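S.K.:
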Amino acid sequence: MQMPAPDATVLARRETIVTRLSEVLPAEAVISDLAETRAFECDALTAYRCPPLAVALPSTTQEVAAVLKICHEERVPVVPRGSGTSLAGGALPTADSVVLGVSKMTDVLEVNTADRIIRVQAGRTNLSVTGAVEGEDFFYAPDPSSQLACAIAGNIGMNSGGAHCLKYGVTTNNLLGVTMVMMDGTVVEIGGAHLDAPGLDLLGVICGSEGQLGVVTEATLRILRKPEGARPVLMGFDTAEVAGACVADIIEAGVLPVAIEFMDRPCIRVSEDFAHAGYPDCEALLIVEVEGSRAEIDEQIGLIRQLSQRHNPVAFRESASDAESALIWKGRKAAFGAIGRISDYMCLDGTIPVSELPMVLRRIGELSDEYGLDVANVFHAGDGNLHPLILFDANKEGDLEICEELGAEILKLCVEAGGCLTGEHGVGVEKRDLMQTQFAPEDLEAQLTVKDAFDPRWLLNPAKVFPLSVSATRREQAA
14 MQMPAPDATV LARRETIVTR LSEVLPAEAV ISDLAETRAF ECDALTAYRC
64 PPLAVALPST TQEVAAVLKI CHEERVPVVP RGSGTSLAGG ALPTADSVVL
114 GVSKMTDVLE VNTADRIIRV QAGRTNLSVT GAVEGEDFFY APDPSSQLAC
164 AIAGNIGMNS GGAHCLKYGV TTNNLLGVTM VMMDGTVVEI GGAHLDAPGL
214 DLLGVICGSE GQLGVVTEAT LRILRKPEGA RPVLMGFDTA EVAGACVADI
264 IEAGVLPVAI EFMDRPCIRV SEDFAHAGYP DCEALLIVEV EGSRAEIDEQ
314 IGLIRQLSQR HNPVAFRESA SDAESALIWK GRKAAFGAIG RISDYMCLDG
364 TIPVSELPMV LRRIGELSDE YGLDVANVFH AGDGNLHPLI LFDANKEGDL
414 EICEELGAEI LKLCVEAGGC LTGEHGVGVE KRDLMQTQFA PEDLEAQLTV
464 KDAFDPRWLL NPAKVFPLSV SATRREQAA
């Protein structure tokens with residue numbers, strides 16, 4: 014993967030830039046020593062690394078504004094960073110960039126259960142948002158697998174979802190407003206603590222913009238009352254295609270589970286070894302969770318059981334307790350980490366129509382055989398958000414390149430099936446050169462024009478989202 018050459022003039026001013034940053038931040042909040050900046054040289058897409066020029070760790074919106082103002086004046090690229098859990102290289106630095114991390118910005122600023130909102134600093138972790146309100150029987154719905162570590166800033170940047178997005182939606186469906194700092198240091202408020210904020214609705218442009226338009230420092234989020242009850246069921250099938258067909262039948266029947274999760278045999282095996290959740294021995298597993306009153310749960314599970322019988326499941330088991338439910342979800346949430354115990358892998362993120370699941374899963378298996386690399390599948394089946402994990406050996410010459418080629422073919426397959434390149438991980442560096450597969454030149458130009466309006470010098474999160482040749486040209490024109 015190619016990265017742009019560093020700006021030599023920026024590198025030559027390293028000392029000046031670090032000195033200016035140190036004037037607006039505490040000493041411990043500016044990191045410039047090469048050994049220390051290596052902690053920020055990559056995110057969760059660890060195949061690619063590049064130490065930044067410096068790292069700034071502000072604690073307030075005002076400090077973020079001061080940092081961005083300096084970088085704007087010095088024409089220094091800025092890479093916004095939440096917790097560094099991006100699987101698409103969304104927080105990968107360039108050698109001439111300042112990483113602006115919001116990990117110190119973790120405060121809860123307001124809780125209003127009457128209006129069902131919480132306002133937090135954007136560095137707060139996803140799970141700790143629920144932690145702040147669960148004592149009052151509320152929760153924050155989006156639940157990425159990395160929710161223990163991932164920051165709200167990154168969730169907003171990538172429009173993250175999670176297992177329960179089938180019923181509750183992804184970040185954009187649970188985000189009401191943001192405080193955002195523009196590249197020149199201007200602070201803007203977008204949206205607010207109500208469903209329909211006055212003025213031009215720009216929130217949908219900001220959510221999912223991958224740090225291309227500004228740095229979100231505070232967020233107003235929707236919180237929901239906890240359901241009366243919830244219960245998952247496990248269903249095992251002889252093939253991945255049959256499991257995919259069962260998912261399509263459930264959705265077509267109008268049943269709305271809170272989650273439908275898919276795992277194939279490689280994921281089942283390693284997750285079971287790790288979590289000991291009692292997963293059945295089968296080729297494909299569905300975890301289907303429903304919620305409501307006991308009567309509602311029983312009715313929904315009864316209908317799901319009927320639908321599953323069309324596909325001759327080899328196993329069908331309801332959770333019998335809260336402890337068993339937690340164990341079932343522990344296995345699913347641990348799938349990525351469990352795979353990492355046995356192999357290097359690259360996690361993809363494509364989305365397809367649910368009706369195309371059987372065909373796409375079959376074709377992924379064929380591509381796996383063609384390229385000679387195993388693919389483990391674990392994903393949010395209810396909304397067709399695939400997460401194929403391509404297993405490779407980082408120490409074997411050429412394996413990473415083969416992995417990249419296979420990943421590109423799988424993502425192209427998603428587009429050909431009527432889907433798109435990403436569901437919740439974003440484009441980052443991983444998919445930037447595939448954007449021309451998804452979008453016509455006119456479509457890309459419209460997106461570039463939005464970037465021009467928010468960041469005319471093209472300094473925010475360089476080398477991401479757009480094809481490198483396109484973004485390089487745009488930045489040269491803005492210089």
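Every position in the sequence shown, counted from 1, becomes a number in the numbering used here once 13 is added.
Where is the CB? At the ideal position from N, CA and C, for every residue including glycine.
All values reported here derive from a predicted model rather than from experimental measurement.
1) Assuming C360 is part of the beta strand (DSSP E), what are its boundary residues?
2) Do V191 and E231 count as a contact pair if the criterion is CB distance below 8 Å?
3) Quick check on V89: does DSSP put it in helix, strand or coil?
4) With contact counted as at least three CB pairs below 8 Å, one residue from each stretch, are the stretch 151-171 and the stretch 429-443 in contact?
5) Between M248 and V301, is the Cβ-Cβ spacing less than 8 Å?
6) On a CA-only basis, which of N390, P17 and L457 is nearest A351? Give me that one, please.
7) When the Cα atoms are used, what is the spatial distance from D2 to L122?
8) Can you tell me whether I355 is buried or exposed? The criterion is at least 16 other CB atoms within 10 Å of its CB, across all chains shown.
9) May I have the straight-line CA-CA distance separating E304 from P245, to the nearest angstrom?
10) Runs of 4 residues minimum, wholly inside the stretch 296-339: which ones carry the alpha helix (DSSP H) assignment?
11) Can you look up P401 in the DSSP assignment and give me helix, strand or coil?
12) I'd like to know whether the C-beta atoms of G257 and L370 end up nearer to each other than 8 Å.
13) Taking DSSP as the reference, what is the three-state secondary structure of G175?
14) Using the three-state DSSP reduction, which class does N139 fall into: helix, strand or coil?
15) Could you pull the DSSP bridge partners for F152 from this structure?
16) State buried or exposed for E254, treating a residue as buried only when at least 16 other CB atoms are found within 10 Å of its CB.
17) Quick one: give me the first and last residue of the alpha helix (DSSP H) that V283 is part of.
18) Please report the distance separating the alpha-carbon of R51 from that of V80.
19) In whole angstroms, give me the CA-to-CA distance for A176 and P155.
20) Assuming N474 and P93 are in contact, meaning their beta carbons sit under 8 Å apart, how far apart are those beta carbons, in whole angstroms?
21) Using alpha carbons as the reference points, say which of M14, V68, E309 and D56 lies closest to R27.
22) In whole angstroms, what separates the C-alpha of T98 from that of E422?
23) Helix, strand or coil, according to DSSP, for E437 in the structure here?
24) Compute the Euclidean distance between the alpha carbons of G395 and L179, then round it to the nearest angstrom.
25) What's the C-alpha gap between G224 and C280?
26) Starting from T364, follow its DSSP beta bridges and name the residues at the other end.
27) According to DSSP, simplified to helix, strand and coil, what is G190?
28) Measuring CB to CB, does R376 end up less than 8 Å from L426?
29) Taking the straight line between their C-alpha atoms, what separation do you get for S482 and R129?
30) Can you name the residues that DSSP bridges to N168?
31) Name the one or two DSSP bridge partners that M372 has.
32) Got a sec? Which residues, its chain only, sit under 6 Å from L399 by beta carbon, not counting five neighbours each side?
33) On the criterion of 16 or more Cβ atoms from any shown chain inside 10 Å, does H324 qualify as buried, or is it exposed?
34) Classify G420 as helix, strand or coil using the three-state DSSP reduction.
35) Give every residue of the same chain whose Cβ lies closer than 6 Å to the Cβ of A297, excluding the five residues on either side of it in the sequence, and list them in chain order.
36) Helix or strand or just coil, what does DSSP make of M448?
M.R.: In brief:
1) Following the DSSP letters along the chain, one finds C360 inside the beta strand (DSSP E) bounded by residues D357 to C360.
2) Yes, these two residues count as a Cβ contact at 8 Å.
3) The DSSP-derived three-state label of V89 is coil.
4) Yes: the two stretches touch, three or more of their Cβ pairs being nearer than 8 Å.
5) It is a contact, given that the beta carbons lie within the stated cut-off.
6) Minimum Cα distance to A351 is reached at N390.
7) Outside the modelled stretch of the chain, which goes from 14 to 492, sits residue 2, for which no answer is possible.
8) I355 is classed as exposed because its beta carbon has fewer than 16 other beta carbons within 10 Å across all chains shown.
9) When rounded, the distance between both Cα atoms is 9 Å.
10) Fully enclosed alpha helix (DSSP H) runs of 4 or longer: 307-322.
11) In the structure shown, P401 sits in a strand (DSSP, three-state: E or B).
12) Result yes, Cβ atoms of G257 and L370 sit closer than 8 Å.
13) For G175, the secondary structure class from DSSP, reduced to helix, strand or coil, is strand.
14) The answer is helix: DSSP assigns N139 an H, G or I state.
15) F152 is bridged to L237.
16) Label assigned to E254: buried.
17) Where V283 is concerned, the enclosing alpha helix (DSSP H) stretches over R278 to A288.
18) So the two alpha carbons sit approximately 20 Å from each other.
19) A176 and P155 have their C-alpha atoms spaced approximately 8 Å apart.
20) About 6 Å; that satisfies the 8 Å criterion.
21) Closest in C-alpha terms to R27, from the list M14, V68, E309 and D56, comes V68.
22) E422 has its alpha-carbon roughly 24 Å from the corresponding atom of T98.
23) Three-state result, E437: coil.
24) Looking at the backbone, the Cα of G395 and that of L179 are separated by about 6 Å.
25) Taking the straight line from one Cα to the other gives about 32 Å.
26) T364 is bridged to N398 and C433.
27) In this structure, G190 counts as strand in the three-state DSSP scheme.
28) Cβ distance < 8 Å, so R376 and L426 count as in contact.
29) Whole-angstrom Cα-Cα distance: 45 Å.
30) The partner list for N168 (beta bridge, DSSP) is empty, contrary to what the question assumes.
31) Answer is none; M372 lacks a bridge partner.
32) By the criterion of a C-beta distance shorter than 6 Å, L399 is surrounded in its chain by G363 and F392, once the five residues flanking it on both sides are discounted.
33) By the Cβ neighbour-count rule, H324 is buried, with 16 or more other Cβ atoms within 10 Å of its own.
34) In this structure, G420 counts as helix in the three-state DSSP scheme.
35) Closer than 6 Å at the Cβ level, and outside the excluded window around A297, lie F250, A253, A256 and D277.
36) Looking at M448 - three-state DSSP - the assignment turns out to be helix.
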